[in-house]
DNA sequence: AAATTTATGTCAGCCATATTGACGTATCTT
DNA sequence: AAGATACGTCAATATGGCTGACATAAATTT
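Okay, here's the thing in structure tokens:
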């Protein structure tokens with residue numbers, strides 16, 4: 005039994021998301037808002053259906069959170085060009101600012117953690133995390149992350 | 005920004021806890037039950053107060069979950085020897101069986117993920133996870149895990 | 001011995017986030 | 001024209017968090 009790694013994962017993830025939780029509280033948002041905003045930022049023009057696949061929640065759960073983000077101007081919808089039933093999602097400048105701030109905190113923690121590790125160790129960590137993920141039946145977004153090493157148009161920032 | 009690692013952590017943790025979630029569902033339990041049972045198993049004789057520290061939830065939240073685990077015979081309480089106010093918690097055979105089954109699934113996933121990694125890479129992963137955790141003001145249980153490399157009387161199993 | 005603190009349990013009520021199932025509308029496909 | 005798809009929304013429900021208040025037993029301090 006890998007008790008040690010099981011527990012390290014628990015505590016590491018708890019503190020990792022804790023960084024964002026503290027900030028979100030001040031905005032009246034929760035983790036659900038963060039997840040939506042994060043993926044919309046990373047995959048501009050994401051469809052609602054794609055978001056449901058990635059987050060593995062129901063339309064109803066997403067609905068409330070998404071509505072709030074739309075109402076408060078963190079995200080905008082545009083009707084799809086080819087398929088006008090689709091509502092493509094984009095982060096606004098306000099949304100970008102928040103998601104950037106949250107990712108900054110988490111990146112700081114990751115950099116701190118990686119600072120004590122040899123350069124090629126970073127790739128080991130990446131490999132481990134990647135191998136921890138279910139690879140059967142990945143959704144579109146996950147396939148992009150797994151396939152291309154996570155590269156998107158946004159990776160420059 | 006470490007977008008890749010942020011997302012890998014999200015997906016890795018999602019699938020990691022998903023293993024347990026599937027089993028727990030059949031028992032009418034949730035993640036909260038798993039966490040309680042896990043730490044009681046790993047630290048036999050854990051006090052209620054310690055459990056509150058580790059899980060960072062309130063007495064009331066723990067109460068409901070703990071009561072269920074007691075009622076259904078997964079955990080027993082014994083009055084403390086030195087301090088008779090304390091209710092020391094122990095997993096029953098039934099509790100051990102469940103926690104073992106859950107840890108087995110998670111260990112399988114971890115072993116699968118580590119199988120593609122060089123032997124010394126395992127220590128790199130451990131170091132990374134350990135460094136992701138807040139080290140200021142660790143509670144008693146966390147201090148044990150961080151301090152001794154997570155060794156407890158149970159580590160033989 | 002009395003007062004205080006500590007460890008635990010419990011009550012009432014609130015909130016966020018998730019669920020299922022059903023139904024409606026606009027739009028694309030056949 | 002019929003059917004499938006993308007999305008939104010309604011009602012009802014569950015889980016797992018929360019706060020604040022209060023009770024009891026036992027330990028500790030005065």
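Residue numbers (the numbering used here), protein chains in the order written: chain A, 5 to 161; chain B, 5 to 161. Heads up, the beta-carbon is just placed ideally off N, CA and C, and yes, glycines get one too. Quantities reported herein were computed from a predicted structural model and do not represent experimental measurements.
Item: Element boundaries [alpha helix (DSSP H), containing residue 128 of chain B]; Value: 123 to 136
Item: Chain B within 8 Å of residue 128 of chain A, Cβ atoms only; Value: yes
Item: C-alpha distance - residue 154 of chain A paired with residue 45 of chain A, whole-angstrom precision; Value: At residue 154 of chain A, the pLDDT of 49 sits below 50, so the modelled position is not reliable; the number obtained from the coordinates is stated separately. Near 14 Å, if we compare the C-alpha coordinates of residue 45 of chain A and residue 154 of chain A.
Item: Distance between beta carbons of residue 132 of chain A and residue 118 of chain B, contact taken as under 8 Å; Value: 7 Å
Item: Buried/exposed call for residue 99 of chain A, threshold 16 Cβ in 10 Å; Value: buried
Item: For residue 94 of chain B, three-class secondary structure by DSSP; Value: strand
Item: Helix, strand or coil at residue 112 of chain B [DSSP, three-state]; Value: helix
Item: Distance, residue 66 of chain B Cα to residue 17 of chain B Cα; Value: 23 Å
Item: Cβ-based neighbour list, residue 147 of chain B, same chain, cut-off 7 Å, excluding 5 preceding and 5 following; Value: none
Item: For residue 34 of chain A and residue 96 of chain A, the rounded distance between their alpha carbons; Value: 19 Å
Item: Cβ neighbours of residue 49 of chain A in the same chain (closer than 6 Å, five flanking residues each side left out); Value: 92
Item: Rounded distance between the beta-carbons of residue 130 of chain B and residue 9 of chain A, thought under 8 Å; Value: 7 Å
Item: Alpha carbon of residue 142 of chain B to alpha carbon of residue 83 of chain A, nearest angstrom; Value: 50 Å
Item: Three-state class that DSSP yields for residue 6 of chain B in the structure shown; Value: coil
Item: Interface flag, residue 132 of chain A vs chain B, CB-CB below 8 Å; Value: yes
Item: Top-ranked residue by Cα proximity to residue 21 of chain A, from A:122, A:126, A:123 and A:108; Value: A:108
Item: Bridge partner(s) assigned by DSSP for residue 80 of chain A; Value: A:94
Item: Cutoff 8 Å; reference residue 28 of chain A; Cβ partners in own chain excluding five residues on either side; Value: 34, 35, 37, 38 and 106
Item: Residue 101 of chain B classed as buried or exposed, judged by whether at least 16 other C-beta atoms fall within 10 angstroms; Value: exposed
Item: Residue-chain proximity (residue 17 of chain A, chain B), Cβ-Cβ < 8 Å; Value: yes
Item: C-beta atoms of residue 73 of chain B and residue 103 of chain B nearer than 8 Å; Value: no
Item: Enclosing alpha helix (DSSP H) for residue 62 of chain B [first to last residue]; Value: Run containing residue 62 of chain B: none; DSSP gives neither H nor E here.
Item: Chain B contacts from the region 103 to 118 of chain A (Cβ-Cβ distance under 8 Å); Value: 104, 107, 108, 110, 111, 113, 114, 115, 116, 117 and 118
Item: CB contact below 8 Å: residue 13 of chain B versus chain A; Value: yes
Item: Supposed contact pair residue 6 of chain A and residue 111 of chain B - C-beta distance, whole angstroms, cut 8 Å; Value: 5 Å
Item: Partner residues on chain A for residue 149 of chain B, Cβ-Cβ distance less than 7 Å; Value: 11
Item: Cross-chain neighbours of residue 46 of chain B in chain A, by beta carbon under 7 Å; Value: 7
Item: Separation of residue 43 of chain B from residue 30 of chain B, as counted between CA atoms; Value: 21 Å
Item: First and last residue of the uninterrupted alpha helix (DSSP H) at residue 144 of chain B; Value: 144 to 151
Item: Contacts of residue 146 of chain A in chain B (Cβ-Cβ under 8 Å); Value: 15
Item: Start and end residues, alpha helix (DSSP H) containing residue 41 of chain B; Value: 35 to 46
Item: Contact set between residue 20 of chain A and chain B, taken where Cβ atoms lie within less than 7 Å; Value: 13 and 136
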